[in-house]
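Remarks on the structure that follows.
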Amino acid sequence: PTNGFLNSKWKADYEGISRANLVLKTVAKVNGYAAGQKENVIAQARFLRAHYYFDLKKMFDKVPYIDESTTDFNQPNNMDIWPKIEEDFSYAYQNLPGQQEDAGRANKWAAGVYLAKTYLYEHKYTEAKAIFETVVTQGTTANGQPYKLNDNFEDNFRAATNNSAESVFAVQAAANVDPNGISNANNGDMLNFPYGDGSPFGCCGFYQPSIDLVNHFRTDPATGLPYLDTYNDHPIKTDMGISSAQDFTPDQGTVDPRLDWTAGRRGIPYLDWGIHPGNNWVRNQAYAGPYSPIKMVYGQAAQGTEGDGHSWAPGSGINNNIIRFSDVLLMDAETQAQTGNLARAMELVNMVRARAANPAGWVYLYKNPDKPTAGFSDVPAANYKVGLYDMTYFSTKETALKAIYFERKIELALEGHRFFDLVRWGIAAQEINTYLAFQGKFTQDVRGGKFTAGKNEIYPIPQRQIDLSGAGGSPKLIQNKNY
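Heads up, the working numbering is the position in the sequence shown plus 599, with the first residue counted as 1.
Spelled out as C-alpha coordinates, the structure:
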(Lines of atoms letter the chains of each structure in order from A and count residues from 1; the text may use other names and numbers.)
(Lines give C-alpha, C1' and ligand atoms only; values in the text may rest on other atoms or scores of the structure.)
Protein backbone atom coordinates (compact mmCIF):
# COMPACT_ATOMS: atom_id res chain seq x y z
CA PRO A 1 0.00 0.00 0.00
CA THR A 2 2.90 2.41 0.56
CA ASN A 3 4.50 1.73 -2.83
CA GLY A 4 5.01 5.15 -4.40
CA PHE A 5 4.67 3.85 -7.94
CA LEU A 6 1.11 2.68 -7.25
CA ASN A 7 0.24 6.09 -5.87
CA SER A 8 1.71 7.74 -8.97
CA LYS A 9 -0.30 5.42 -11.20
CA TRP A 10 -3.49 6.22 -9.29
CA LYS A 11 -2.86 9.96 -9.58
CA ALA A 12 -2.03 9.78 -13.29
CA ASP A 13 -5.27 7.97 -14.14
CA TYR A 14 -7.37 10.35 -12.08
CA GLU A 15 -5.61 13.31 -13.70
CA GLY A 16 -6.76 11.93 -17.06
CA ILE A 17 -10.28 11.51 -15.70
CA SER A 18 -10.23 15.06 -14.33
CA ARG A 19 -9.30 16.47 -17.73
CA ALA A 20 -12.01 14.46 -19.47
CA ASN A 21 -14.56 15.70 -16.94
CA LEU A 22 -13.40 19.29 -17.45
CA VAL A 23 -13.96 18.96 -21.19
CA LEU A 24 -17.45 17.59 -20.59
CA LYS A 25 -18.33 20.45 -18.25
CA THR A 26 -16.89 23.07 -20.58
CA VAL A 27 -18.35 21.83 -23.85
CA ALA A 28 -21.87 22.59 -22.67
CA LYS A 29 -20.95 26.27 -22.33
CA VAL A 30 -19.48 26.65 -25.81
CA ASN A 31 -21.50 27.64 -28.87
CA GLY A 32 -20.70 27.69 -32.56
CA TYR A 33 -19.71 24.09 -33.15
CA ALA A 34 -19.88 22.78 -36.70
CA ALA A 35 -22.35 19.98 -37.35
CA GLY A 36 -21.32 16.87 -35.45
CA GLN A 37 -18.31 18.53 -33.82
CA LYS A 38 -19.82 18.84 -30.35
CA GLU A 39 -20.85 15.17 -30.29
CA ASN A 40 -17.35 14.23 -31.44
CA VAL A 41 -15.72 16.19 -28.60
CA ILE A 42 -18.08 14.72 -26.00
CA ALA A 43 -17.56 11.19 -27.31
CA GLN A 44 -13.76 11.56 -27.30
CA ALA A 45 -13.83 12.81 -23.71
CA ARG A 46 -16.05 9.94 -22.62
CA PHE A 47 -13.81 7.45 -24.44
CA LEU A 48 -10.76 8.74 -22.59
CA ARG A 49 -12.57 8.78 -19.26
CA ALA A 50 -13.58 5.16 -19.78
CA HIS A 51 -10.02 4.28 -20.79
CA TYR A 52 -8.63 5.63 -17.52
CA TYR A 53 -11.35 4.01 -15.44
CA PHE A 54 -10.72 0.69 -17.24
CA ASP A 55 -7.08 1.01 -16.24
CA LEU A 56 -7.98 1.69 -12.62
CA LYS A 57 -10.60 -1.08 -12.51
CA LYS A 58 -8.29 -3.81 -13.76
CA MET A 59 -5.56 -2.76 -11.32
CA PHE A 60 -7.41 -1.83 -8.13
CA ASP A 61 -10.97 -3.18 -8.68
CA LYS A 62 -13.01 -0.94 -6.35
CA VAL A 63 -12.20 2.71 -7.03
CA PRO A 64 -14.19 5.92 -6.44
CA TYR A 65 -16.24 7.11 -9.40
CA ILE A 66 -16.14 10.80 -10.25
CA ASP A 67 -17.80 12.34 -13.31
CA GLU A 68 -18.50 15.85 -14.58
CA SER A 69 -21.47 16.26 -12.23
CA THR A 70 -19.55 15.38 -9.06
CA THR A 71 -19.08 18.24 -6.61
CA ASP A 72 -17.71 16.33 -3.61
CA PHE A 73 -14.57 14.64 -4.87
CA ASN A 74 -14.05 12.61 -1.70
CA GLN A 75 -16.11 9.65 -2.89
CA PRO A 76 -16.10 6.10 -1.45
CA ASN A 77 -14.92 3.08 -3.43
CA ASN A 78 -17.94 0.93 -2.68
CA MET A 79 -19.40 0.46 -6.17
CA ASP A 80 -18.64 -1.68 -9.20
CA ILE A 81 -17.76 0.76 -11.99
CA TRP A 82 -18.01 -1.68 -14.94
CA PRO A 83 -21.50 -0.34 -15.85
CA LYS A 84 -20.12 3.22 -15.93
CA ILE A 85 -17.25 2.14 -18.17
CA GLU A 86 -19.72 0.38 -20.46
CA GLU A 87 -21.86 3.52 -20.68
CA ASP A 88 -18.95 5.73 -21.75
CA PHE A 89 -17.54 3.32 -24.32
CA SER A 90 -21.04 2.63 -25.66
CA TYR A 91 -21.68 6.35 -26.08
CA ALA A 92 -18.34 6.76 -27.84
CA TYR A 93 -19.05 3.78 -30.12
CA GLN A 94 -22.39 5.26 -31.13
CA ASN A 95 -21.24 8.86 -31.57
CA LEU A 96 -17.62 8.92 -32.73
CA PRO A 97 -16.95 9.10 -36.48
CA GLY A 98 -15.02 6.40 -38.27
CA GLN A 99 -12.36 8.90 -39.31
CA GLN A 100 -10.76 11.75 -37.38
CA GLU A 101 -8.63 14.73 -38.36
CA ASP A 102 -5.68 13.30 -36.42
CA ALA A 103 -4.50 9.70 -36.64
CA GLY A 104 -3.99 9.39 -32.89
CA ARG A 105 -7.54 10.27 -31.89
CA ALA A 106 -10.05 7.67 -30.79
CA ASN A 107 -12.61 6.79 -33.45
CA LYS A 108 -15.81 4.75 -33.55
CA TRP A 109 -14.00 1.46 -34.06
CA ALA A 110 -11.49 1.95 -31.26
CA ALA A 111 -14.45 2.64 -28.97
CA GLY A 112 -16.18 -0.50 -30.20
CA VAL A 113 -13.10 -2.60 -29.51
CA TYR A 114 -12.73 -1.14 -26.02
CA LEU A 115 -16.42 -1.77 -25.29
CA ALA A 116 -16.03 -5.38 -26.45
CA LYS A 117 -12.88 -5.71 -24.34
CA THR A 118 -14.85 -4.44 -21.34
CA TYR A 119 -17.48 -7.12 -21.98
CA LEU A 120 -14.69 -9.69 -22.27
CA TYR A 121 -13.35 -8.74 -18.85
CA GLU A 122 -16.88 -9.13 -17.49
CA HIS A 123 -17.21 -12.56 -19.17
CA LYS A 124 -20.05 -11.30 -21.36
CA TYR A 125 -18.80 -13.30 -24.32
CA THR A 126 -21.88 -13.09 -26.54
CA GLU A 127 -22.01 -9.28 -26.30
CA ALA A 128 -18.26 -9.01 -26.91
CA LYS A 129 -18.35 -11.38 -29.89
CA ALA A 130 -20.99 -9.38 -31.73
CA ILE A 131 -18.88 -6.22 -31.60
CA PHE A 132 -15.59 -7.94 -32.40
CA GLU A 133 -17.15 -9.55 -35.48
CA THR A 134 -18.32 -6.16 -36.73
CA VAL A 135 -14.98 -4.49 -36.06
CA VAL A 136 -12.96 -7.25 -37.72
CA THR A 137 -14.96 -6.98 -40.94
CA GLN A 138 -15.76 -3.25 -41.03
CA GLY A 139 -13.37 -1.39 -38.74
CA THR A 140 -10.89 1.26 -39.84
CA THR A 141 -8.20 3.33 -38.20
CA ALA A 142 -8.81 6.97 -37.40
CA ASN A 143 -6.99 7.88 -40.62
CA GLY A 144 -9.28 5.65 -42.69
CA GLN A 145 -7.23 2.50 -43.22
CA PRO A 146 -9.22 -0.75 -42.98
CA TYR A 147 -7.90 -2.73 -40.03
CA LYS A 148 -5.44 -5.44 -40.99
CA LEU A 149 -2.28 -7.05 -39.72
CA ASN A 150 0.89 -5.32 -40.80
CA ASP A 151 2.89 -7.41 -43.25
CA ASN A 152 5.75 -7.60 -40.75
CA PHE A 153 5.44 -8.10 -36.99
CA GLU A 154 8.29 -5.62 -36.47
CA ASP A 155 6.30 -2.77 -38.02
CA ASN A 156 4.24 -2.50 -34.84
CA PHE A 157 7.33 -1.23 -33.03
CA ARG A 158 8.90 1.27 -35.42
CA ALA A 159 8.19 5.00 -35.45
CA ALA A 160 8.19 5.01 -39.26
CA THR A 161 5.08 2.81 -39.16
CA ASN A 162 3.26 4.49 -36.28
CA ASN A 163 -0.53 4.60 -36.74
CA SER A 164 -0.48 1.74 -39.21
CA ALA A 165 -3.47 -0.33 -40.26
CA GLU A 166 -2.83 -2.56 -37.23
CA SER A 167 -2.98 0.29 -34.72
CA VAL A 168 -6.38 0.48 -33.02
CA PHE A 169 -5.49 2.86 -30.19
CA ALA A 170 -2.02 4.06 -29.27
CA VAL A 171 -0.36 6.59 -27.01
CA GLN A 172 1.26 8.97 -29.47
CA ALA A 173 4.99 9.71 -29.24
CA ALA A 174 7.16 12.30 -30.97
CA ALA A 175 10.93 12.52 -30.69
CA ASN A 176 13.09 15.64 -30.72
CA VAL A 177 10.32 18.21 -30.47
CA ASP A 178 11.29 19.51 -27.02
CA PRO A 179 14.89 20.74 -26.59
CA ASN A 180 14.46 20.69 -22.81
CA GLY A 181 13.36 17.10 -22.33
CA ILE A 182 11.57 14.05 -23.69
CA SER A 183 8.05 14.76 -22.44
CA ASN A 184 6.56 14.30 -25.92
CA ALA A 185 8.58 11.16 -26.62
CA ASN A 186 7.83 7.68 -25.36
CA ASN A 187 9.58 8.21 -22.03
CA GLY A 188 7.89 5.28 -20.32
CA ASP A 189 10.51 2.98 -21.84
CA MET A 190 13.49 5.24 -21.13
CA LEU A 191 15.04 2.71 -18.72
CA ASN A 192 14.51 -0.30 -20.97
CA PHE A 193 17.53 -0.27 -23.27
CA PRO A 194 20.55 -2.62 -23.27
CA TYR A 195 22.98 -1.48 -20.61
CA GLY A 196 26.60 -2.23 -19.91
CA ASP A 197 30.09 -2.17 -21.34
CA GLY A 198 29.92 -1.21 -25.00
CA SER A 199 26.16 -0.69 -25.13
CA PRO A 200 25.28 2.19 -27.47
CA PHE A 201 22.45 3.27 -25.16
CA GLY A 202 22.58 5.39 -22.03
CA CYS A 203 20.37 3.38 -19.74
CA CYS A 204 19.39 1.10 -17.97
CA GLY A 205 18.79 -2.57 -18.72
CA PHE A 206 15.35 -2.86 -17.09
CA TYR A 207 12.28 -4.81 -18.25
CA GLN A 208 14.18 -7.90 -19.32
CA PRO A 209 12.40 -10.83 -20.96
CA SER A 210 12.53 -13.87 -18.68
CA ILE A 211 14.00 -17.27 -19.49
CA ASP A 212 10.51 -18.72 -19.08
CA LEU A 213 9.08 -16.27 -21.63
CA VAL A 214 11.80 -17.01 -24.18
CA ASN A 215 11.19 -20.76 -23.86
CA HIS A 216 7.58 -20.18 -24.99
CA PHE A 217 8.95 -19.40 -28.46
CA ARG A 218 10.34 -22.91 -29.00
CA THR A 219 8.47 -24.73 -31.78
CA ASP A 220 8.15 -28.37 -32.72
CA PRO A 221 10.60 -29.05 -35.60
CA ALA A 222 8.03 -31.21 -37.38
CA THR A 223 4.92 -29.04 -37.07
CA GLY A 224 6.16 -25.55 -36.22
CA LEU A 225 3.62 -25.44 -33.40
CA PRO A 226 4.47 -24.43 -29.83
CA TYR A 227 4.81 -26.83 -26.92
CA LEU A 228 1.67 -25.68 -25.11
CA ASP A 229 2.34 -27.58 -21.89
CA THR A 230 6.01 -28.58 -22.07
CA TYR A 231 7.84 -25.52 -23.41
CA ASN A 232 10.24 -25.49 -20.45
CA ASP A 233 11.14 -29.10 -21.24
CA HIS A 234 12.51 -27.81 -24.56
CA PRO A 235 14.56 -24.82 -23.35
CA ILE A 236 16.23 -22.36 -25.67
CA LYS A 237 19.97 -22.25 -25.09
CA THR A 238 21.17 -19.26 -23.06
CA ASP A 239 24.54 -17.65 -22.37
CA MET A 240 23.93 -17.44 -18.62
CA GLY A 241 27.27 -17.22 -16.84
CA ILE A 242 29.24 -16.87 -20.08
CA SER A 243 31.22 -13.68 -20.62
CA SER A 244 31.05 -11.83 -23.90
CA ALA A 245 34.71 -12.72 -24.47
CA GLN A 246 33.96 -16.44 -24.39
CA ASP A 247 32.71 -18.38 -27.40
CA PHE A 248 28.99 -19.03 -27.64
CA THR A 249 26.87 -20.59 -30.37
CA PRO A 250 23.18 -19.63 -30.32
CA ASP A 251 20.46 -22.24 -30.10
CA GLN A 252 20.10 -24.23 -33.33
CA GLY A 253 16.62 -25.63 -32.71
CA THR A 254 13.42 -24.36 -34.29
CA VAL A 255 11.91 -21.19 -32.82
CA ASP A 256 9.10 -18.78 -33.56
CA PRO A 257 10.61 -15.73 -35.37
CA ARG A 258 8.70 -13.36 -33.10
CA LEU A 259 11.26 -14.30 -30.46
CA ASP A 260 13.96 -12.15 -32.03
CA TRP A 261 11.68 -9.12 -32.32
CA THR A 262 10.78 -9.57 -28.63
CA ALA A 263 14.00 -10.53 -26.82
CA GLY A 264 17.54 -9.51 -27.66
CA ARG A 265 19.78 -12.56 -27.27
CA ARG A 266 23.43 -13.41 -27.69
CA GLY A 267 24.57 -14.11 -31.24
CA ILE A 268 21.48 -12.69 -32.99
CA PRO A 269 21.28 -9.30 -34.77
CA TYR A 270 19.85 -6.67 -32.44
CA LEU A 271 18.00 -4.50 -34.96
CA ASP A 272 20.77 -2.74 -36.88
CA TRP A 273 22.96 -2.13 -33.82
CA GLY A 274 25.08 -5.24 -34.33
CA ILE A 275 25.14 -8.80 -33.08
CA HIS A 276 23.95 -8.89 -29.48
CA PRO A 277 27.13 -9.58 -27.44
CA GLY A 278 25.35 -11.10 -24.47
CA ASN A 279 26.65 -10.26 -21.01
CA ASN A 280 28.22 -6.93 -22.00
CA TRP A 281 24.78 -5.52 -22.81
CA VAL A 282 23.04 -6.96 -19.75
CA ARG A 283 23.00 -5.19 -16.41
CA ASN A 284 23.25 -8.31 -14.26
CA GLN A 285 22.61 -11.78 -15.69
CA ALA A 286 22.43 -13.40 -12.26
CA TYR A 287 19.72 -11.01 -11.17
CA ALA A 288 17.32 -11.02 -14.13
CA GLY A 289 18.73 -13.22 -16.87
CA PRO A 290 20.60 -12.89 -20.17
CA TYR A 291 18.02 -11.16 -22.41
CA SER A 292 17.38 -7.57 -23.46
CA PRO A 293 14.07 -5.93 -24.38
CA ILE A 294 13.81 -4.97 -28.04
CA LYS A 295 10.23 -4.16 -29.06
CA MET A 296 10.36 -0.48 -28.11
CA VAL A 297 14.00 0.17 -29.04
CA TYR A 298 14.76 2.34 -32.08
CA GLY A 299 17.23 1.30 -34.77
CA GLN A 300 20.67 2.79 -35.27
CA ALA A 301 19.97 4.18 -38.73
CA ALA A 302 16.79 5.81 -37.41
CA GLN A 303 18.15 7.15 -34.13
CA GLY A 304 18.27 10.71 -35.45
CA THR A 305 14.51 10.73 -36.00
CA GLU A 306 13.19 7.97 -33.71
CA GLY A 307 15.56 8.43 -30.78
CA ASP A 308 15.41 11.38 -28.39
CA GLY A 309 18.51 12.22 -26.38
CA HIS A 310 17.25 15.35 -24.62
CA SER A 311 17.38 13.67 -21.22
CA TRP A 312 19.75 11.59 -19.11
CA ALA A 313 18.12 8.45 -20.57
CA PRO A 314 16.79 8.06 -24.11
CA GLY A 315 13.23 8.56 -25.24
CA SER A 316 11.82 7.44 -28.56
CA GLY A 317 9.24 8.37 -31.15
CA ILE A 318 7.71 4.88 -31.12
CA ASN A 319 4.02 4.88 -30.23
CA ASN A 320 2.88 2.73 -27.32
CA ASN A 321 0.10 0.49 -28.65
CA ILE A 322 -2.72 0.10 -26.15
CA ILE A 323 -4.67 -2.14 -28.55
CA ARG A 324 -3.55 -3.45 -31.93
CA PHE A 325 -5.43 -5.53 -34.44
CA SER A 326 -3.71 -8.84 -33.65
CA ASP A 327 -4.95 -8.35 -30.08
CA VAL A 328 -8.46 -7.82 -31.49
CA LEU A 329 -8.25 -11.02 -33.55
CA LEU A 330 -7.18 -13.02 -30.51
CA MET A 331 -9.87 -11.50 -28.30
CA ASP A 332 -12.39 -12.33 -31.02
CA ALA A 333 -11.01 -15.88 -31.12
CA GLU A 334 -11.53 -16.13 -27.38
CA THR A 335 -15.18 -15.11 -27.64
CA GLN A 336 -15.71 -17.54 -30.53
CA ALA A 337 -14.27 -20.40 -28.47
CA GLN A 338 -16.32 -19.42 -25.43
CA THR A 339 -19.53 -19.43 -27.49
CA GLY A 340 -18.91 -22.63 -29.44
CA ASN A 341 -17.54 -21.56 -32.83
CA LEU A 342 -14.24 -23.43 -32.57
CA ALA A 343 -13.49 -23.41 -36.30
CA ARG A 344 -13.69 -19.62 -36.44
CA ALA A 345 -11.54 -19.37 -33.32
CA MET A 346 -8.86 -21.45 -35.04
CA GLU A 347 -9.10 -19.37 -38.21
CA LEU A 348 -8.49 -16.16 -36.25
CA VAL A 349 -5.49 -17.57 -34.39
CA ASN A 350 -4.04 -18.87 -37.64
CA MET A 351 -4.33 -15.39 -39.17
CA VAL A 352 -1.91 -14.17 -36.50
CA ARG A 353 0.38 -17.17 -36.89
CA ALA A 354 0.45 -16.90 -40.69
CA ARG A 355 1.95 -13.43 -40.40
CA ALA A 356 4.68 -14.84 -38.12
CA ALA A 357 5.33 -17.67 -40.58
CA ASN A 358 6.00 -15.29 -43.48
CA PRO A 359 9.79 -15.20 -44.08
CA ALA A 360 9.57 -11.55 -45.15
CA GLY A 361 9.16 -10.62 -41.49
CA TRP A 362 11.99 -12.67 -40.00
CA VAL A 363 15.31 -11.48 -38.60
CA TYR A 364 18.24 -11.98 -40.97
CA LEU A 365 22.01 -11.87 -40.64
CA TYR A 366 23.80 -8.70 -41.71
CA LYS A 367 25.27 -8.28 -45.17
CA ASN A 368 28.36 -6.93 -43.44
CA PRO A 369 28.69 -7.77 -39.72
CA ASP A 370 31.13 -4.88 -39.35
CA LYS A 371 28.57 -2.43 -40.72
CA PRO A 372 25.11 -3.51 -39.54
CA THR A 373 23.40 -0.41 -40.93
CA ALA A 374 24.35 -1.57 -44.45
CA GLY A 375 21.40 -3.94 -44.44
CA PHE A 376 20.46 -7.56 -44.02
CA SER A 377 21.29 -10.64 -46.06
CA ASP A 378 18.89 -13.38 -47.14
CA VAL A 379 20.18 -15.77 -44.45
CA PRO A 380 17.82 -16.17 -41.47
CA ALA A 381 19.42 -15.38 -38.13
CA ALA A 382 18.00 -18.52 -36.52
CA ASN A 383 16.14 -21.72 -37.36
CA TYR A 384 12.67 -20.24 -37.69
CA LYS A 385 9.60 -22.42 -38.14
CA VAL A 386 5.93 -21.57 -37.53
CA GLY A 387 3.03 -23.85 -38.36
CA LEU A 388 -0.73 -23.36 -38.42
CA TYR A 389 -3.17 -25.18 -36.16
CA ASP A 390 -5.60 -27.83 -37.34
CA MET A 391 -8.85 -28.78 -35.63
CA THR A 392 -7.06 -31.33 -33.46
CA TYR A 393 -6.05 -28.42 -31.26
CA PHE A 394 -9.49 -26.81 -31.43
CA SER A 395 -11.65 -29.89 -30.91
CA THR A 396 -13.00 -28.67 -27.55
CA LYS A 397 -13.42 -25.32 -25.86
CA GLU A 398 -10.71 -26.23 -23.37
CA THR A 399 -8.08 -27.13 -25.97
CA ALA A 400 -8.98 -24.11 -28.09
CA LEU A 401 -8.62 -21.72 -25.16
CA LYS A 402 -5.25 -23.25 -24.27
CA ALA A 403 -3.95 -22.44 -27.76
CA ILE A 404 -5.49 -18.94 -27.70
CA TYR A 405 -4.05 -18.14 -24.28
CA PHE A 406 -0.60 -19.28 -25.45
CA GLU A 407 -0.81 -17.26 -28.65
CA ARG A 408 -1.65 -14.11 -26.69
CA LYS A 409 1.47 -14.60 -24.61
CA ILE A 410 3.89 -14.83 -27.51
CA GLU A 411 2.20 -12.33 -29.83
CA LEU A 412 1.72 -9.64 -27.16
CA ALA A 413 4.71 -10.38 -24.93
CA LEU A 414 5.98 -7.40 -22.91
CA GLU A 415 3.07 -5.22 -24.06
CA GLY A 416 1.34 -5.15 -20.67
CA HIS A 417 -1.48 -7.67 -21.18
CA ARG A 418 -0.36 -10.95 -19.64
CA PHE A 419 -0.97 -10.38 -15.92
CA PHE A 420 -4.45 -9.00 -16.46
CA ASP A 421 -5.26 -11.83 -18.89
CA LEU A 422 -4.29 -14.40 -16.25
CA VAL A 423 -6.47 -12.67 -13.67
CA ARG A 424 -9.57 -12.50 -15.86
CA TRP A 425 -9.07 -16.14 -16.89
CA GLY A 426 -8.95 -17.13 -13.21
CA ILE A 427 -5.58 -18.89 -13.48
CA ALA A 428 -3.22 -16.24 -12.13
CA ALA A 429 -2.13 -18.10 -8.98
CA GLN A 430 -1.45 -21.35 -10.82
CA GLU A 431 0.43 -19.77 -13.73
CA ILE A 432 2.43 -17.22 -11.77
CA ASN A 433 3.53 -19.61 -9.02
CA THR A 434 4.62 -22.12 -11.67
CA TYR A 435 6.56 -19.33 -13.36
CA LEU A 436 8.16 -18.20 -10.10
CA ALA A 437 9.29 -21.73 -9.26
CA PHE A 438 10.89 -22.22 -12.67
CA GLN A 439 12.40 -18.77 -13.20
CA GLY A 440 13.68 -18.67 -9.62
CA LYS A 441 16.06 -21.51 -10.46
CA PHE A 442 17.97 -19.12 -12.70
CA THR A 443 17.50 -15.52 -11.55
CA GLN A 444 17.47 -13.71 -8.23
CA ASP A 445 14.76 -11.19 -9.07
CA VAL A 446 11.86 -13.59 -8.47
CA ARG A 447 13.51 -16.14 -6.20
CA GLY A 448 11.36 -16.80 -3.17
CA GLY A 449 8.39 -14.96 -4.66
CA LYS A 450 4.84 -16.18 -4.09
CA PHE A 451 1.48 -15.22 -5.56
CA THR A 452 -1.33 -15.40 -3.00
CA ALA A 453 -4.72 -16.29 -4.46
CA GLY A 454 -7.49 -14.02 -3.27
CA LYS A 455 -5.06 -11.15 -2.73
CA ASN A 456 -2.55 -10.56 -5.49
CA GLU A 457 -5.07 -10.54 -8.35
CA ILE A 458 -5.49 -6.83 -7.64
CA TYR A 459 -3.17 -4.17 -6.26
CA PRO A 460 -3.62 -2.44 -2.91
CA ILE A 461 -5.31 0.94 -2.78
CA PRO A 462 -2.45 3.42 -2.21
CA GLN A 463 -2.26 4.23 1.49
CA ARG A 464 -1.69 7.88 0.66
CA GLN A 465 -5.10 8.01 -1.05
CA ILE A 466 -6.79 6.31 1.90
CA ASP A 467 -5.23 8.84 4.24
CA LEU A 468 -6.34 11.76 2.07
CA SER A 469 -9.89 10.40 1.97
CA GLY A 470 -10.01 10.60 5.75
CA ALA A 471 -9.25 14.28 6.07
CA GLY A 472 -11.53 15.58 8.80
CA GLY A 473 -12.94 12.18 9.68
CA SER A 474 -12.89 8.47 8.91
CA PRO A 475 -11.39 7.41 5.56
CA LYS A 476 -13.93 6.88 2.79
CA LEU A 477 -11.64 4.58 0.82
CA ILE A 478 -11.55 0.96 1.96
CA GLN A 479 -8.41 -1.12 1.44
CA ASN A 480 -8.61 -4.19 -0.78
CA LYS A 481 -8.91 -7.58 0.87
CA ASN A 482 -5.84 -9.06 2.60
CA TYR A 483 -3.70 -5.91 2.36
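Note that beta-carbon positions come from the ideal geometry of N, C-alpha and C, so glycine has one too.
Counted within 10 angstroms of its Cβ, other Cβ atoms place residue i as buried (16 or more) or exposed
i	result
Leu-1067	exposed
Asp-977	exposed
Gln-807	buried
Trp-911	exposed
Met-895	buried
Asp-811	buried
Ser-766	buried
His-722	exposed
Gln-699	buried
Pro-913	buried
Tyr-830	buried
Arg-1046	exposed
Lys-1080	exposed
Residue i (DSSP reduced to helix, strand or coil)
i	result
Asp-855	coil
Pro-958	helix
Thr-818	strand
Asp-788	coil
Tyr-886	helix
Ile-1031	helix
Thr-669	coil
Val-626	helix
Asp-796	coil
Asn-964	The displayed chain sequence assigns Leu, not Asn, to residue 964. Residue state, collapsed to three classes: strand.
Pro-682	helix
Thr-837	coil
Ala-862	strand
Arg-1046	coil
Asn-919	strand
Thr-991	helix
Ala-772	coil
Same chain, Cβ closer than 8 Å to residue i, neighbours up to 5 away in sequence not counted
i	result
Val-854	Phe-816, Arg-817, Thr-818, Ile-835, Ala-981, Asn-982, Tyr-983 and Lys-984
Ala-758	Ala-772, Ala-774, Tyr-897, Ala-901, Thr-904, Glu-905, Ser-915, Gly-916, Ile-917 and Asn-918
Tyr-718	Glu-685, Tyr-724, Glu-726, Ala-727 and Ile-730
Ala-973	Tyr-965, Lys-966 and Asn-967
Ala-1027	Phe-1018, Leu-1021, Phe-1050, Ala-1052, Asn-1055 and Glu-1056
Arg-704	Gln-643 and Ala-741
Thr-733	Gly-711
Beta-carbon proximity list for residue i, same chain, < 6 Å, skipping 5 on both sides
i	result
Ala-633	none
Leu-827	Lys-1001 and Phe-1005
Leu-623	Ala-644 and Glu-667
Phe-1019	Lys-657
Gly-823	Lys-984, Val-985 and Gly-986
Val-776	Asn-783
Lys-747	Ala-764
Phe-653	Ile-684
Ala-709	Val-767 and Phe-768
Gln-899	Asp-871, Trp-872 and Thr-972
Ile-893	Gly-863
Asp-1044	Tyr-886 and Ala-887
CB contact flag (residue i, residue j, <8 Å)
i	j	result
Ala-942	Ile-1003	no
Ser-891	Pro-971	no
Gln-1038	Pro-600	no
Phe-752	Arg-857	yes
Tyr-988	Val-951	no
Asn-742	Thr-760	no
Ala-936	Lys-1008	no
Asn-620	Ile-665	yes
Gly-866	Pro-889	no
Val-712	Ile-922	yes
Glu-1010	Asn-920	no
His-909	Asn-779	yes
Gly-795	Trp-880	yes
Val-962	Pro-868	yes
Ala-649	Asp-679	no
Asp-969	Ile-781	no
Gly-877	Phe-924	no
Leu-655	Asp-612	yes
Val-813	Ala-862	yes
Gly-697	Thr-669	no
Tyr-651	Gly-603	no
Val-927	Val-770	no
Cutoff 7 Å; reference residue i; Cβ partners in own chain excluding five residues on either side
i	result
Ile-1065	Pro-1074, Leu-1076 and Gln-1078
Tyr-690	Ala-642 and Arg-645
Val-575	With the chain running from 600 to 1082 in the structure shown, residue 575 is simply not present.
Thr-998	Tyr-992
Asp-754	Thr-760 and Ser-763
Checklist entry - Below 8 Å, can you find three or more Cβ-Cβ pairs linking the segment 924-938 to the segment 793-810? => result no
Checklist entry - Touch check for the segment 828-842 and the segment 883-893: three-plus C-beta pairs under 8 Å? => result yes
Checklist entry - Do the segment 662-679 and the segment 1033-1049 touch if we need at least three Cβ pairs shorter than 8 Å? => result no
Next on the checklist: Counting beta carbon pairs with one atom in the segment 1051-1061 and one in the segment 655-669, are three or more of them shorter than 8 Å?
Outcome noted: yes
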